[in-house]
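Peer 1: All the letters of the sequence shown, read from the start, carry residue numbers 640 to 781 under our numbering.
Where is the CB? At the ideal position from N, CA and C, for every residue including glycine.
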Amino acid sequence: MSPNKSILIVEDEAGPRESLRMILKPFYEIHTASNGEQAIQAFQNKNFGLVTLDLNMPGMTGIDVLKELKKMKPEVEVIIITALATLPNAQKAIHYGASDFLSKPFHVSEVIAVIKKSFDRLESKLKSNSQANQISSSPNTD
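This is the structure we're talking about:
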């Protein structure tokens, strides 16, 4: 089973949001949101495989958005991309289910590599879940 290659970019600043969109558009289906509320609404309406998420946004914080996304779809890959790249922020994000943590300004090659790695991890999770479901639903022949 192949993962959905759609990405939701959640970033309140237009510059980084558009930079990420332009970098990733040749490889993936891209959607954007400029705040947490828009992100939650978009996530409810579309099946995203991956979300890039800023921490410091007006309204809902990135951590609040991360918690909500993981409640709705625990297997979603979430990559935090933030200017607030401190150890406590990284630990908190990982604790709540972020799969990676990058600092701004970001390097294009690093963003592409982390996203590829995240989709590979998602594909492995989906394969494992699919195999587990097949095993649990197969008739017992004992």
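1. Could you please give the first and the last residue of the uninterrupted alpha helix (DSSP H) stretch that includes residue 708?
2. Rounded to whole angstroms, what is the Cα-Cα separation between residue 665 and residue 707?
3. Looking only at its own chain, which residues have a Cβ that is under 8 Å from the Cβ of residue 702, when we skip the five neighbours before and after it?
4. Take the Cβ of residue 670 as the centre, count every other Cβ of all protein chains shown within 10 Å, and call the residue buried at 16 or more, exposed below.
5. Go to residue 657, then tell me how far its alpha helix (DSSP H) extends in each direction, as first and last residue.
6. Reducing DSSP to helix, strand and coil, say where residue 670 ends up.
7. Distance, Cα to Cα, residue 699 vs residue 766?
Peer 2: Quick look at the numbers:
1. 701-711
2. 29 Å
3. Excluding sequence neighbours, residue 702 sits near 694, 731, 732, 735.
4. buried
5. 653-663
6. Strand, per DSSP.
7. One Cα belongs to residue 699, the other to residue 766, and the distance between them is close to 33 Å.
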